[in-house]
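Take a look at the structure set out below.
In my numbering, the protein residues as written are 2 to 360.
Printed below as a string of structure tokens:
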């Protein structure tokens, strides 16, 4: 089906609707003023009502989870969200597109344009190169013009969302060097997904401890590099290290960058803050912190906001950018809705303009 830009009756199917990201998408769609949730799929809960798998949706929907059949999902749908494991969208997106649906993929299948890099980090062959060429990387404040009218969008990953939003405008403005960028990011455990996990993810093992993982080899490293390289026109390389914290959700990223050679040391943070304010002026979901204030994950929970703070270390001639997002919201589900809104010519805030949850 084809949706007119002015349409306010968008029919939505969600594949993988009972995982954390997919359930988030379904929840947002149920509250969206211009969308209707018509179909949900789940491997784990096939045959069960959605509100059985997602008890917070009691009284909001009577939908029953179906088998993950893309042909059934896409028939009658204007938009299909694919919130499945890596490899699923590569195998199924073409069917949905051929049936006239737009596709938003929440996996990493279409994010990395270099197939050799994708295969190295994801451990599988890129099986849909023709769709990869068409897919638009969906980070609305950076690639929103390309997202508008796209058929296939690769929703930005959780870690890259905060890191790229924090660094891209500074690289584009020439305020920081494209050399020696370091990103340390800490995520809540929900980033590992809702499926059964190994012992390391059990409560007694993960509580009251911090751990780094996939050090030097995380799949979001090339995604961050690819996105930031667009700002500089160079093949930028970053050092990225993810960590797990004993919290349910949220990502705090601390990004270290050397000042550009021509930039004076004095006033580095102020100039960077001004550049961020200019870059995101009028963009409702990016909030720049006042001087001296650092963002917190708590202040973004359950929202589509990205909060950004800027600091300086004159001794090391570095700018330090700290960003906070909700990994399941801005890092997944609500950002996917923002991309849908842009794809369909709708107000980008529809369905996702709620304030964060607190405390």
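Glycine is no exception: its CB is placed at the ideal position from the N, C-alpha and C atoms.
Buried or exposed by the 16-neighbour rule on C-beta atoms within 10 Å, applied to residue 19: That one is buried.
8 Å Cβ shell around residue 66 - same chain, five flanking residues per side excluded: Cβ neighbours of residue 66 beyond the five flanking positions: 18, 19, 41, 42, 43, 46, 47, 48, 49, 50, 51, 54.
Between the CA atoms of residue 265 and residue 376 - distance to the nearest angstrom: Nothing about residue 376 can be reported from this structure: the residues present for the chain run from 2 to 360 only.
Where the alpha helix (DSSP H) containing residue 135 begins and where it ends: Where residue 135 is concerned, the enclosing alpha helix (DSSP H) stretches over 130–135.
Under 8 Å between C-beta atoms of residue 326 and residue 255: At the C-beta level, residue 326 and residue 255 stay beyond 8 Å of one another.
Buried or exposed (CB count within 10 angstroms, at least 16 for buried), residue 219: Residue burial annotation: residue 219 is buried, with at least 16 other C-beta atoms found within 10 angstroms of its C-beta.
With 16 other Cβ atoms within 10 Å as the buried cut-off, status of residue 1: Here the chain covers residues 2 to 360 and nothing more, so residue 1 does not appear.
CA-to-CA distance, residue 142 to residue 160, given in whole angstroms: Distance between the alpha carbons of residue 160 and residue 142: 16 Å.
Three-state secondary structure assigned by DSSP to residue 138: The answer is strand: DSSP assigns residue 138 an E or B state.
Continuous beta strand (DSSP E) assignments of at least 3 residues falling wholly in the region 149–201: DSSP runs (the beta strand (DSSP E)) wholly in the region 149–201: 153–156, 182–188.
CB contact flag (residue 80, residue 16, <8 Å): Taking the C-beta atoms as reference points, residue 16 is found no nearer than 8 Å to residue 80.
Residue 9 burial status per 10 Å Cβ neighbour count (16 or more: buried): By the 10 Å Cβ count, residue 9 comes out exposed.
Residue 180 and residue 259 closer than 8 Å at C-beta: Yes; because the gap between Cβ atoms is below 8 Å, this pair is in contact.
Ordered list of beta strand (DSSP E) runs contained in the region 278–312, each at least 3 residues: Complete beta strand (DSSP E) runs here, min 3: 287–289.
Inter-residue spacing [alpha-carbon to alpha-carbon] between residue 284 and residue 302: If you take the alpha carbons of residue 284 and residue 302, they lie about 19 Å apart.
Residue 38 (DSSP reduced to helix, strand or coil): Of the three classes helix, strand and coil, the one that applies to residue 38 here is strand, per DSSP.
Cut-off 8 Å between Cβ atoms - residues of its own chain near residue 156, not counting five sequence neighbours on either side: Hits under 8 Å: 105, 106, 107, 139, 333, 336, 337, 340.
Beta-carbon proximity check, residue 194 vs residue 246, cutoff 8 Å: In this structure, residue 246 does not lie closer than 8 Å to residue 194 by Cβ.
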